[in-house]
Each structure stands twice: as C-alpha cells, then as structure tokens.
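Notes for the one structure printed next.
In our numbering, the protein residues as written are 6 to 854.
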C-alpha cells in the first residue's frame with residue numbers, strides 16, 4: 006500500500022500525467038481540423054479516460070501537498086499553485102456534470118423560451134447513428150425573452166460590423182416580472198442562474214442569436230482557482246523562500262565564484278537586395294511637395310477607417326512592390342506618394358515598369374521575367390492573362406490544401422489587381438456621399454459621383470470653372486491642374502483645388518468621425534518614421550556589440566574599465582531604444598484608438614518589447630542575458646517585417662472591443678517574451694557546452710551555471726504569466742461568449758504551453774532528468790509549444806473562435822525545417838560533447854559542470 010501511495014504522489018507520475026494530458030489535447034486540435042468538433046469531443050475532450058487523467062492529477066497534487074509539507078510558511082507559494090490547479094480541476098468537473106450551455110434564436114417581434122443545448126458525448130454517440138441535430142437538444146426556460154429590436158452598427162461607409170446589440174424584453178410570469186434589457190458584445194444579461202450573450206445574428210439583420218450559459222458554481226470555483234494562481238505568482242516573485250528568490254541567490258553566488266579569461270566574438274551577416282525600375286518616358290512626376298499635400302487628404306478604407314491618403318498609399322505601395330522609395334533613370338528618385346499619383350496621371354507609363362513583386366521562381370518563369378519584379382504587361386500574352394488558369398485553380402482550393410506555388414499565385418494576382426485599382430482611381434474614396442446613413446464615401450469613378458452636389462457643397466467650389474457640379478468632374482479638373490503643374494512647376498492652382506476637396510470632406514461628414522489636422526500630421530509622421538524598421542536595425546547592431554562585450558566582460562581574467570564603460574554605454578543606447586519602442590507602441594495605440602496587440606503583427610511588436618523587458622529585469626544579474634534578449638527582439642521584429650504580417654492601421658472587430666484585450670492579450674503575449682528568452686539562453690548554453698574544453702571548464706562552467714539559473718527564472722515568470730493569461734482569456738471568453746473554456750484550438754494550445762513548461766520546471770525533481778544540459782535542451786524544445794500557439798494555430802488550424810486574430814495561411818517553409826534540424830543537431834552535438842567530458846572527468850582529475 007505504501008508503494009502505491011508513493012507512486013501516486015510522486016513527481017514522476019505528475020510529469021507522466023501532464024505529458025499525457027498535454028499530448029492528448031494538442032492532438033485533439035488536429036483531429037478537429039481534419040474532421041470536426043464532434044469527432045474531437047468523442048475521441049478526446051469528453052472521454053472518461055481524459056477525465057481519469059485529470060482526477061489522478063488532482064489526487065497527485067493533493068498527495069504532493071502533504072508529502073512535501075507545502076503547508077509550511079516557506080512553501081506557501083507552491084501550496085497556492087497546487088491548490089489553484091486542484092480547484093480548477095474541481096471547477097471543470099462541476100462544469101462538466103452540473104452545467105450546460107446552448108443558444109437561443111429569436112426573430113424581431115417574437116418571444117422564445119427554448120434553448121438548444123449541447124448534447125453530451127454519450128448522446129452524440131447515439132445521434133451519430135442516425136438521429137438529426139446530432140449535437141443539440143431542446144431545453145425550456147421558466148421565463149421568456151422577446152426581441153424588440155436588433156441593432157447592427159457598421160464602420161462608416163463599410164459593410165464591416167462595428168457592434169451589434171439586442172433590445173430584449175424579459176418576462177417571468179412566476180414573479181409577474183417584465184424588464185427591458187440590452188445585450189451586446191461583452192455586456193451580458195444575468196437572470197435566474199442563466200447568462201445570455203450576444204453571439205451572432207441573422208443574415209437579414211432581423212433576428213439575433215444568443216449564447217446561453219448555466220454554470221454558476223463551476224464558474225466561481227474556477228475563478229477562485231484563478232485568484233489563488235495570481236496570489237501564488239506574486240508570492241513566488243517576492244517571497245524570500247520561493248524558488249525564484251533562491252535562484253537569485255544562486256546567481257549571486259556564481260558571480261562571486263566566477264573568474265574571467267578570454268574574449269568571445271559573435272558574427273552576424275545580413276544582406277540587402279535592391280531592385281531598380283526601368284524607365285522609358287522622360288516626363289516629370291508630381292512634385293514631392295504637392296504629393297505630400299495630397300497625402301494629407303482624408304480617404305475612407307474598405308473597412309470604413311478614415312485615414313490620411315499617405316497611410317493608404319504606404320500600405321498599397323508596400324503590398325505592390327514591398328518598397329517605400331523608388332528610382333528610375335527617367336524620373337529620378339520618387340516617394341511612394343509620387344509614384345501613386347503618377348500612376349493616376351500616366352498609367353500607360355507605369356504598366357511598362359517592373360514594379361510588381363514576384364517572389365517565387367516558378368511564377369517568374371511563367372511570366373518570363375528575370376528577377377523579382379514584373380511589369381503589368383509581363384502578365385499579358387496578346388491581351389490574355391498568363392496566370393488565369395493557375396489563379397483559378399489556386400482560388401478553388403481550400404486554404405489548407407494550397408501549396409507554396411498556389412499561395413504565390415494568389416499573392417501576385419492580388420498585387421496585379423491592386424495596381425489596376427490604383428490606376429483606375431477606385432481606391433480614391435475621398436468624397437462623402439451626401440445623404441448616406443452610415444457616412445459612406447465614394448471615389449470619382451463611382452457612378453454616384455455624377456450626382457449633382459447640394460447647394461451647400463456647390464458654394465465651396467463655386468469659383469472653379471467646372472462644366473458640371475459633381476464629384477467626378479471636380480476630381481478630373483484637379484488632375485488636369487496637377488498635370489499642367491508638372492510641366493510649368495506652378496502648383497498654386499492644384500493646391501487651391503486640393504484645399505476645396507478637403508473642405509468638402511469636412512462639410513459632409515461629422516468632425517467626430519474624421520481625424521483632426523494634428524492627428525493627420527501625427528499619423529503621417531508615424532508612417533515616415535518607420536519606428537519598428539529602424540528599431541530592428543538598431544537591435545541587430547546592438548545584439549552583436551552587446552554579446553561581444555558581455556562575453557568579454559565575463560571571460561577576462563582582469564576586469565577592464567574600458568570594456569565595462571563600453572558595455573554600460575551601449576546598454577544606455579539600448580535603454581533609449583526600448584523607450585522609443587514603448588513610444589512607438591503608444592503612438593500606434595493613440596492613432597488606432599485600441600491597444601496595439603490585436604493582430605499578428607502587433608503581437609510581435611509586443612513580444613519584442615516584452616523580451617527586452619525580461620532582459621532588463623535580469624540585467625543586474627547577467628549582462629549576457631540582456632544581450633540575448635536584444636538578439637531575440639531583433640529576430641522578432643525581423644519576423645514582423647515578413648510579408649505574411651500586415652502592419653497597416655485598422656479598425657477593431659466587435660469582439661475585441663473590451664478591456665480584456667488589454668489585460669489578457671498583454672499578459673499572455675508578455676509571457677512569450679520571457680519564454681523566448683529561455684529559448685535563446687538555452688541555445689547560448691548549448692554552444693557553451695559544445696565549445697567548452699577541459700582547460701575552460703571553470704570559466705565557461707560558471708557562465709553556464711549562471712545562465713541556467715537565469716533561464717529557470719525567466720521560465721518561472723513566463724509560465725506564471727502564460728498561466729494567468731490563459732485563464733484570464735477564459736474569463737474574457739465567459740464575458741463574451743458565455744463559457745470560459747470550450748477547447749478552442751488557440752486556448753487549447755495556450756494550455757499546452759502551461760503544461761509543457763510545468764513539465765520542464767518540475768524535471769529537477771526526477772533524478773534521471775536533472776542536469777543543466779537537459780534543462781537547457783528542454784527550454785529550447787519546449788518553445789515549440791509557443792511557436793505552435795502563436796503561429797501554428799493561426800496559420801494551420803482554421804477553426805475556432807480566435808479566427809479573428811488569424812493571419813494569412815501559408816505552407817510550412819523550408820527554412821523552418823532547416824532551423825529545427827539545426828537545433829536538433831546542436832543539442833545532440835552538445836550532449837555528445839558533455840557526455841565525453843563527463844566520462845573523461847571520471848577517469849582523471851577535475852570536474853565537469
């Protein structure tokens with residue numbers, strides 16, 4: 006019996022159960038992607054064996070509390086963590102067996118008291134054999150809801166929803182009660198133990214779909230677990246008896262013992278390729294000064310955002326050519342604004358210029374071009390579109406079945422269409438449509454642009470020599486004045502007309518919807534400053550310098566004041582860069598009106614920022630760690646510059662209009678920064694293990710020891726933030742959709758991160774898994790769960806509630822396979838080297854750390 010209890014309450018069983026649980030739920034996301042949600046539930050999520058794993062984990066945690074005497078004061082933080090997870094498992098059990106959720110559909114003017122609730126796994130098994138509505142059954146409420154009105158607000162001039170709400174009358178005849186309520190995204194109706202959430206709506210906008218949840222006790226038991234988790238996290242950081250504080254003391258001891266010796270050198274190679282545009286017509290482009298004035302004109306985007314023309318042009322030209330500046334022998338150096346305007350003035354010229362970016366060689370061969378740029382006419386063969394058949398085949402495939410060639414065809418086809426839209430003026434939605442209910446703006450080529458203007462609008466342009474008083478004629482007159490100015494050099498008349506167009510914009514649209522002149526200037530400044538591109542370059546240079554100086558400072562026999570002063574000088578530059586990074590995020594927040602981490606690009610900006618924050622947190626104890634975070638920040642910003650991530654400023658989707666966006670996303674994204682720091686430190690330590698020689702074992706061994714302690718501290722902070730962020734996401738889901746856990750692929754893999762790093766941090770309790778080499782290797786391998794959560798789910802698992810945050814799917818790149826293989830070989834080589842030195846130390850004097 007004693008052996009049974011020892012086995013049940015052992016750390017080994019904890020690791021085994023965590024591994025089984027993590028592997029099971031991670032696999033279930035792929036089952037759901039390949040088949041459907043019901044199959045994933047039947048095979049994994051709702052199975053008895055998975056419940057048994059959770060039950061054994063709860064019992065294991067309870068036993069460990071007693072076995073390791075976690076009730077002691079010095080173990081209080083660990084006690085709270087274990088109690089938190091026990092409560093979370095209990096809460097999940099209550100939710101599983103005592104609660105239910107479903108949906109309610111109501112049409113305007115009608116009442117309903119019927120819920121369609123999700124069936125259990127056993128009911129789905131029987132329904133799968135022939136019953137209809139295989140995962141739903143009816144449940145009648147003791148009260149009813151009537152939909153008085155469904156309200157859908159869209160972004161100005163767009164079909165994109167801004168928000169939607171249901172005006173509800175609740176009637177409970179038992180209590181002779183009638184109440185009016187408004188249900189909208191992130192604002193729920195609580196009544197009689199039921200929670201009603203705005204979920205969706207009918208396509209004709211005359212009906213609402215509410216999600217309904219009945220889980221009072223399961224919710225609050227789980228929330229109690231979240232609270233204990235947060236308190237435990239705080240105590241872990243500041244309690245002197247916690248593992249985190251012990252690691253700080255260990256680092257201090259290592260620094261006292263460490264002696265220096267030699268200098269390490271780190272090399273980084275980077276290349277820059279440029280492409281030139283052939284020119285053939287020697288005609289002056291629009292002056293840079295007038296093009297900049299045109300850039301201050303307001304334009305309405307496809308999703309209804311009002312922004313400076315400069316922002317639209319920056320996004321368009323980058324998508325088209327991946328360039329911000331252009332050069333030709335005929336027209337000289339040109340900004341994106343000048344090229345954009347010149348495309349409108351002289352489209353035939355630009356159709357002959359190699360300006361459309363084509364990345365993949367097979368597509369270049371189909372077009373018959375050399376290099377990565379093609380002209381508009383390169384796509385045509387006697388007025389036949391060369392890629393027509395390939396584009397049709399690529400678009401017909403589902404995203405998961407599209408290969409690299411298909412993806413490139415789609416991207417190139419999009420660039421070609423963008424160029425045509427630029428040249429025909431379709432993007433220039435600069436005129437407010439008079440009488441529009443949702444403040445729609447139109448371009449001068451829109452059929453509505455020929456509608457005569459109101460007397461108030463005519464008064465603004467009364468002194469212009471127009472044939473007809475409409476937007477189309479006004480814009481054509483403006484282009485004529487610009488065309489004349491390119492020859493004469495006098496832009497006064499063009500400036501005058503541009504000013505009148507700007508006046509018409511503010512005359513026809515409420516000022517509260519439009520950016521002020523100062524906001525326009527600020528946004529153009531943001532576009533031109535290219536803050537994060539500049540920071541990427543700065544971080545790249547600083548990473549080389551700081552790594553070299555940090556290793557030199559750690560390995561020298563005698564401290565050098567010159568090296569120390571140089572190190573602190575460049576750390577000061579890094580500090581200034583970090584503040585500039587913070588300023589850039591703040592500026593983006595101010596311009597968009599929402600926290601700048603609502604999509605993949607912005608999340609990468611925050612991860613880079615969080616990585617540096619982690620580095621500065623440990624800078625007092627390890628300058629090498631700080632240097633490593635600079636490498637990480639550089640790598641992340643370089644990834645953010647990849648074409649798969651869109652840096653444009655956008656409106657926010659309805660579900661993201663919540664303070665939970667700031668709390669949940671910020672916490673969990675910052676956790677990625679700390680976990681990524683562990684990944685980088687693990688790689689550095691692998692190299693140190695690999696290059697350590699018997700004569701260097703005391704110097705490099707102490708550095709490995711210090712970085713390993715720092716690595717563990719980073720992982721402790723990272724997994725605590727990841728755990729809190731994951732469960733805060735559950736709270737957000739409960740406030741938005743009516744359930745705090747639904748096995749969505751994103752939240753499932755966020756839980757896999759927590760499980761993965763819990764395994765890594767608990768390996769030290771298992772004799773066979775102790776050791777610095779194993780820990781550092783695990784910190785490298787474990788980061789794969791973060792990559793899967795941040796990238797893999799968005800790109801390769803299309804189903805789930807987090808699809809609003811997904812980026813364009815892509816094929817797993819060859820370089821990623823090469824990187825994975827390189828890391829495996831690095832770990833293997835370091836392990837072989839370490840084992841050989843360990844054997845040698847047993848046969849002779851000395852030790853190997």
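Glycine included, C-beta positions come from ideal geometry on N, C-alpha and C.
For residue 548, the closest of 383, 620, 341 and 326 by C-alpha to C-alpha distance is 620. One thing to note: residue 217 has its Cβ within 7 Å of the Cβ of residue 201. Around the beta-carbon of residue 566, fewer than 16 other beta-carbon atoms lie within 10 Å, marking it exposed.
Of the candidates 443, 467 and 479, 479 places its Cα closest to the Cα of residue 456. Runs of the alpha helix (DSSP H) spanning 4 or more residues and lying entirely within the stretch 682-752 occur at 702-741, in chain order. Residue 141: member of the beta strand (DSSP E) spanning 141-159, first to last residue. With the rule of 3 Cβ pairs closer than 8 Å, the stretch 413-422 does not count as touching the stretch 430-441. Counted as a single uninterrupted DSSP element, the stretch harbouring residue 535 is not any alpha helix (DSSP H), since DSSP gives it neither H nor E. Assignment of residue 348 by DSSP, reduced to helix, strand and coil, places it in the helix class. Rounded to the nearest angstrom, the gap between the Cα atoms of residue 294 and residue 450 is 26 Å. Boundaries of the beta strand (DSSP E) around residue 304: 303-305. Taking a C-beta distance under 7 Å as the contact criterion, residue 589 and residue 536 qualify as a contact pair. Residue 639 and residue 257 have their alpha carbons spaced roughly 29 Å apart. Here the alpha carbon of residue 763 sits roughly 37 Å from the alpha carbon of residue 215. For residue 480, the enclosing alpha helix (DSSP H) stretches over residues 476-493.
By the C-beta density criterion, residue 697 is buried, having at least 16 other C-beta atoms within 10 angstroms. Around the beta carbon of residue 362, 16 or more other beta carbons lie within 10 angstroms, which makes this residue buried. Here the C-alpha atom of residue 16 lies approximately 18 Å from the C-alpha atom of residue 82. In the three-state scheme derived from DSSP, where H, G and I count as helix and E and B as strand, residue 179 is classed as coil. Inclusion of residue 637 and residue 616 in the CB contact set at 7 Å is warranted, their separation being smaller than that value.
DSSP, read as helix, strand or coil, puts residue 466 in coil. Contact annotation, residue 152 with residue 241: C-beta distance approximately 49 Å; criterion of less than 8 Å not satisfied. Residue 574 has its alpha-carbon roughly 28 Å from the corresponding atom of residue 677. Between the stretch 17-26 and the stretch 764-783 there are three or more C-beta pairs closer than 8 Å, enough to call the two in contact. DSSP assignment within the stretch 68-124 yields the following whole beta strand (DSSP E) runs of 3 residues or more, N-terminal first: 105-112 and 116-123. Contact between residue 109 and residue 116 does not hold, since their C-beta atoms are separated by about 11 Å, which reaches or exceeds 8 Å. Each of 787, 793, 798 and 779 was checked against the Cα of residue 834, and the nearest Cα belongs to 779.
In the DSSP assignment, residue 195 falls outside any alpha helix (DSSP H) and lies within the beta strand (DSSP E) extending over 194-196. If you draw a 10 Å sphere on the C-beta of residue 756, you find 16 or more other C-beta atoms in it, and that means buried.
Excluding the 5 residues flanking it on each side, residue 89 has same chain C-beta neighbours closer than 7 Å at 230, 233, 234 and 237, in chain order.
According to the DSSP assignment, residue 11 belongs to the alpha helix (DSSP H) that extends over 7-13. Distance from the CA of residue 635 to the CA of residue 559, rounded to the nearest whole angstrom, comes to 18 Å. Nearest to residue 69 by alpha-carbon distance, out of 12, 336 and 693, is 12.
At a Cβ-Cβ threshold of 7 Å, residue 192 and residue 175 do not count as neighbours. In the structure shown, the three-state DSSP call for residue 584 is helix.
Minimum Cα-Cα distance from residue 253 among the listed residues 823, 719, 789 and 747 corresponds to 719.
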